[in-house]
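A.B. asks: So that we are looking at the same thing, I have put the structure below in structure tokens.
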Amino acid sequence: MTRADLEAPPPSRPGTVLVVDDEEGVRASIRVILEGTCEVLGAESGAEALEIVRTRDVDLVMLDQRLPGETGLDILPRLREADPTTVVVLATAVDDVRTAVEALKRGAWDYLTKPFDVDAILMLAGRALDKRALEREVLCLRSALSGTADATDGFEGLVGRHPDMVRVYQMVTQIAATSATVLITGESGTGKELVARAIHRRSDRASQPFVPVNVTALPDTLVESELFGHEKGAFTGAHARKLGKFELAHGGTLFLDEIGSLRPDLQSKLLRALQEREIERLGGTRAVPIDVRVVAATNVNLRAAVRDRVFREDLYYRLNVVPIHVPPLRERREDIARLVEHFVRRFARECRRDVRGVSAGAVQALTRYDWPGNVRELENVIQRAVVLARRPVVQLEDVPLDVAMPETASLLATDGIQPLKEACDQFERQYVLRVLERTGWNVSRAARHLGVHRNTILARLAHWRLQRPASGPDAAGVRL
Ligand SMILES: Nc1ncnc2c1ncn2[C@@H]1O[C@H](COP(=O)(O)OP(=O)(O)OP(=O)(O)O)[C@@H](O)[C@H]1O
Ligand SMILES: [Mg+2]
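All the letters of the sequence shown, read from the start, carry residue numbers 0 to 479 under numbering that gives the first Met the number 0.
Structure representation (structure tokens):
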């Protein structure tokens, strides 16, 4: 999608109304009534009206029923054909209810009765133009999402179509063009930085720098000079003037990651920078004006940090102008298969491996897992699986044990160790599933490998309420 798609619709394009009436007096009076709110065009006949609708972008057609030659009702379907988005209203005589009903049947949006009432015309035009504006907005959002949310690369590199993610994309689309400060919240690895980059790329700052700063990745003593820069000699070791990230992001976007970890004194300094739109380098004496859009991110609950007095309340409100929450992966499990496909494709290409898909069993296991490290963890697991896979389709055995058998891992990780019987049952389930997958869900062959009767397997599957995936081993898997 291009920037041009986003620029539509023009924010407040005045509407265009076409009055189709053979009486010059009627056309003139409507022009007077609507003057100032929209552009009014006139046509004396149906033929002339059709010509105008074909060549101009008309929002509302006020069509008189009694015209010389063909009637309004006759013209109506052809007007709608010429531009199906145009709103048509038929003007009838007060007592002509039948015509009004017929008009609605033929696609008129409403009807008006003659003689006209000034307020009725104003209200009708207002309603019609609002409807058109809303339709344009929907079209714009749809075009912003189509071809991007559907492609494997997703929306600006964000894969996923869960309604909550679509809401994130819509929000990004909506606010990108403004310079409002954004606070992105979400657990680690959910894609906060990708969202920040999407905001930048879709803004009119896209050709200017996007500068990320992770305050936790810097030694405490360096954070201030990283952000605000320093003058030569500002402190021991400051051999030359250094520009801070604020200045480097001038004209662009500054991404402040893990903002919750910012030291209290720097929180005050940041607040000042945001309010005054200027900064002072360390050891400097004059203020430097900055034009920077700030997007901040946090994986801690900043509101709680404010309550605990470790984060300044005024800074919180200053940053939280537009909040965007990125949900954890376990709350959008239906996106997992899509992400798996995306990562398999990517790593197969990058690592030059002939891997073209993931088995149904592996996808099932990946979908069930809770992903505490979110998309980043999934990304790593798929990279490893693609590199280690011995066949073109990634199998359950290529998935790390703690992902494929989270129950076992959590049993060992937690203090609440469970009875051996439960642990064995869980192990047995995973093991039987793996063997079944290996044999393409041929229960008899799996039974032979496992040295049990096939009825034992069928009974166990029933006990675990598990079924063979749809049809064939890879039916519900991911294929590229
Ligand atoms: N929806 C997604 N589609 C594709 N890749 C994603 C998606 N979300 C995250 N990723 C990938 O997962 C990794 C982590 O994403 P990112 O760095 O944006 O997360 P984060 O929320 O900033 O994490 P942290 O809190 O740890 O900084 C990146 O490699 C990113 O490309
Ligand atoms: Mg991050």
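All C-beta atoms in this analysis are idealised placements derived from N, C-alpha and C, irrespective of residue type, glycine included. Fair warning: this is a prediction, and the values are worked out from it, not measured in the lab.
For the candidate residues Thr98, Val392, Ile183 and Thr455, whose alpha-carbon lies nearest to that of isoleucine 323?
C.D. replies: Residue 323 sits at position 324 when you count from the first residue of the sequence shown. The shortest Cα separation from isoleucine 323 among Thr98, Val392, Ile183 and Thr455 belongs to Ile183.
A.B. asks: Going straight from the alpha carbon of alanine 7 to that of glycine 282, what length do you get?
C.D. replies: Stepping through the sequence shown from its first residue, residue 7 is reached at position 8. Stepping through the sequence shown from its first residue, residue 282 is reached at position 283. Residue placement at alanine 7 cannot be trusted, given a pLDDT of 36 that sits under 50; what the coordinates show is reported in the next sentence. One C-alpha to the other measures close to 47 Å.
A.B. asks: Using CA atoms only, rank isn't needed, just tell me which of Leu49, Val100, Phe234 and Val96 is closest to aspartate 82.
C.D. replies: For the purposes of this step, residue 82 is taken as the residue at position 83 of the sequence shown. Taking only the C-alpha atoms, the option nearest aspartate 82 is Leu49.
A.B. asks: For histidine 199, count neighbouring Cβ atoms within 10 angstroms of its own Cβ and tell me buried if that reaches 16, exposed if not.
C.D. replies: As a first step, residue 199 must be located in the sequence shown, where it is residue number 200. Looking at its Cβ environment, which holds 16 or more other Cβ atoms inside 10 Å, histidine 199 is buried.
A.B. asks: With 16 other CB atoms within 10 Å as the buried threshold, where does alanine 239 fall?
C.D. replies: Counting from one through the sequence shown, the residue named residue 239 turns up at place 240. So alanine 239 counts as exposed.
A.B. asks: Count the other C-beta atoms from every protein chain shown that fall within 10 angstroms of the C-beta of threonine 220, then say buried if there are 16 or more, exposed otherwise.
C.D. replies: Here residue 220 refers to the residue found at position 221 when the sequence shown is read from its first residue. Exposed.
A.B. asks: So is asparagine 454 buried or exposed if we call it buried at 16+ other beta carbons inside 10 Å?
C.D. replies: Translated into positions along the sequence shown, residue 454 becomes position 455. By the 10 Å Cβ count, asparagine 454 comes out exposed.
A.B. asks: Report the CB separation of valine 86 from alanine 127 in whole angstroms; it is logged as a contact under 8 Å.
C.D. replies: Against the sequence shown, residue 86 aligns to sequence position 87. Against the sequence shown, residue 127 aligns to sequence position 128. The pair is a contact, with the Cβ atoms about 5 Å apart (cut-off 8 Å).
A.B. asks: Roughly how many angstroms lie between the CA atoms of leucine 457 and aspartate 369, to the nearest whole one?
C.D. replies: For the purposes of this step, residue 457 is taken as the residue at position 458 of the sequence shown. For the purposes of this step, residue 369 is taken as the residue at position 370 of the sequence shown. Answer to the nearest angstrom: the Cα atoms are 28 Å apart.
A.B. asks: For leucine 338, is the beta carbon positioned less than 7 Å from some heavy atom of ligand 4?
C.D. replies: Among the ligands present in this structure, namely ligand 1 and ligand 2, ligand 4 is not found.
A.B. asks: From what residue to what residue does the beta strand (DSSP E) around glycine 360 run?
C.D. replies: Counted from its first residue, the sequence shown places residue 360 at position 361. Taken as a continuous stretch (DSSP letters only), glycine 360 belongs to no beta strand (DSSP E), being part of the alpha helix (DSSP H) at 359–367.
A.B. asks: Since valine 325 and glycine 156 should fall inside the 8 Å C-beta cutoff, what is the C-beta to C-beta distance between them, to a whole number of angstroms?
C.D. replies: Against the sequence shown, residue 325 aligns to sequence position 326. Against the sequence shown, residue 156 aligns to sequence position 157. The pair is not a contact, with the Cβ atoms about 13 Å apart (cut-off 8 Å).
A.B. asks: Mind reading off the beta-carbon distance from leucine 480 to phenylalanine 245? Whole number of angstroms is fine, and I expect it under 8 Å.
C.D. replies: Missing from the structure shown is residue 480; the chain here goes from 0 to 479 and no further.
A.B. asks: Would you identify the three-state DSSP class for glycine 146, choosing helix, strand or coil?
C.D. replies: Here residue 146 corresponds to residue number 147 of the sequence shown, with the count starting at 1. In this prediction, glycine 146 scores a pLDDT of 46, lower than 50, which makes its location untrustworthy; no coordinate-derived value is stated.
A.B. asks: Look at arginine 77 and threonine 15 and say whether their C-beta atoms are less than 8 Å apart.
C.D. replies: Within the sequence shown, numbered from 1, the residue matching residue 77 stands at position 78. Within the sequence shown, numbered from 1, the residue matching residue 15 stands at position 16. No, the Cβ-Cβ distance between arginine 77 and threonine 15 is not below 8 Å.
A.B. asks: Hey, how far is the Cα of methionine 164 from the Cα of asparagine 300?
C.D. replies: The residue labelled residue 164 in the question sits at position 165 within the sequence shown. The residue labelled residue 300 in the question sits at position 301 within the sequence shown. Distance between the alpha carbons of methionine 164 and asparagine 300: 20 Å.
A.B. asks: Determine which residues share a DSSP beta bridge with cysteine 423 and list them.
C.D. replies: As a first step, residue 423 must be located in the sequence shown, where it is residue number 424. None; cysteine 423 has no bridge partner.
A.B. asks: Apply the 10 Å Cβ neighbour rule to valine 117 and answer buried if 16 or more other Cβ atoms are within range, or exposed otherwise.
C.D. replies: The residue labelled residue 117 in the question sits at position 118 within the sequence shown. Exposed, because fewer than 16 other Cβ atoms sit within 10 Å of the Cβ of valine 117.
A.B. asks: Is it the case that the CB of lysine 191 approaches a heavy atom of ligand 2 more closely than 7 Å?
C.D. replies: Position 192 of the sequence shown, counting from 1, holds the residue named residue 191. For ligand 2, at least one heavy atom lies less than 7 Å from the Cβ of lysine 191.
A.B. asks: Below 7 Å CB to CB, which residues in the same chain sit around alanine 403 once its five sequence neighbours on both sides are set aside?
C.D. replies: Position 404 of the sequence shown, counted from the start, is the residue given in the question as residue 403. Once the five neighbours on either side are set aside, the close Cβ partners of alanine 403 are Ala364, Leu395 and Gln429.
A.B. asks: Does the Cβ of alanine 237 lie closer than 7 Å to at least one heavy atom of ligand 2?
C.D. replies: For this step, residue 237 is matched to residue 238 along the sequence shown. Checking every heavy atom of ligand 2 against the Cβ of alanine 237, none is found closer than 7 Å.
A.B. asks: Helix, strand or coil: which one does DSSP assign to threonine 49?
C.D. replies: Here residue 49 refers to the residue found at position 50 when the sequence shown is read from its first residue. Contrary to the premise, residue 49 reads as leucine rather than threonine in this sequence. Of the three classes helix, strand and coil, the one that applies to leucine 49 here is helix, per DSSP.
A.B. asks: For the beta strand (DSSP E) containing arginine 523, name the first residue and the last one.
C.D. replies: For the chain, the structure presents residues 0 to 479; residue 523 sits outside this window and is missing.
A.B. asks: Pull the bridge partners of tyrosine 110 from the DSSP assignment, please.
C.D. replies: Here residue 110 corresponds to residue number 111 of the sequence shown, with the count starting at 1. According to DSSP, tyrosine 110 bridges with Leu89.
A.B. asks: Under the rule that 16 or more other beta-carbon atoms within 10 Å means buried, what is alanine 303, buried or exposed?
C.D. replies: The residue labelled residue 303 in the question sits at position 304 within the sequence shown. That one is exposed.
A.B. asks: Tell whether a beta-carbon distance below 8 Å holds between leucine 72 and threonine 112.
C.D. replies: For the purposes of this step, residue 72 is identified with residue 73 of the sequence shown, where counting begins at 1. For the purposes of this step, residue 112 is identified with residue 113 of the sequence shown, where counting begins at 1. No, the pair does not count as a contact, with Cβ atoms beyond the cut-off.
A.B. asks: Could you check which residue in Gly360, Ala90 and Glu38 has the C-alpha nearest to that of glutamine 466?
C.D. replies: The residue given as residue 466 occupies position 467 in the sequence shown. That would be Gly360, whose Cα lies nearest to the Cα of glutamine 466.
A.B. asks: Roughly how many whole angstroms lie between the Cα atoms of leucine 121 and valine 31?
C.D. replies: Counted from its first residue, the sequence shown places residue 121 at position 122. Counted from its first residue, the sequence shown places residue 31 at position 32. Distance between the alpha carbons of leucine 121 and valine 31: 11 Å.
A.B. asks: Along the chain, which unbroken stretches of the alpha helix (DSSP H) at least 4 residues long are found entirely within the region 156–204?
C.D. replies: If we require 4 residues or more, the alpha helix (DSSP H) runs fully inside the region 156–204 come out as 162–174 and 191–200.
A.B. asks: If aspartate 21 and glutamate 43 are in contact, beta carbons under 8 Å, what's the gap, nearest whole angstrom?
C.D. replies: Translated into positions along the sequence shown, residue 21 becomes position 22. Translated into positions along the sequence shown, residue 43 becomes position 44. Rounded, the Cβ-Cβ distance is 5 Å, consistent with contact.
A.B. asks: Which partner residues of methionine 61 appear in the DSSP bridge assignment?
C.D. replies: As a position in the sequence shown, residue 61 is number 62, starting the count at 1. DSSP, once it has assigned bridges, lists Val18 and Val88 as partnering methionine 61.
A.B. asks: Below 8 Å CB to CB, which residues in the same chain sit around valine 386 once its five sequence neighbours on both sides are set aside?
C.D. replies: On the sequence shown, residue 386 is found 387 positions in, with the first residue counted as 1. Excluding sequence neighbours, valine 386 sits near Phe346, Cys350 and Arg352.
A.B. asks: Quick check: does the Cβ of alanine 216 come within less than 7 Å of any heavy atom belonging to ligand 2?
C.D. replies: For the purposes of this step, residue 216 is taken as the residue at position 217 of the sequence shown. Because no heavy atom of ligand 2 lies under 7 Å away, the Cβ of alanine 216 does not count as near it: no.
A.B. asks: Cβ atoms of alanine 124 and leucine 265: under 8 Å apart, would you say?
C.D. replies: The residue given as residue 265 occupies position 266 in the sequence shown. The residue given as residue 124 occupies position 125 in the sequence shown. No, these two residues do not count as a Cβ contact at 8 Å.
A.B. asks: Quick one: using the 10 Å Cβ neighbour count with 16 as the cut-off for buried, is arginine 280 buried or exposed?
C.D. replies: In the sequence shown, residue 280 corresponds to position 281, counting from 1. Flag for arginine 280 reads buried.
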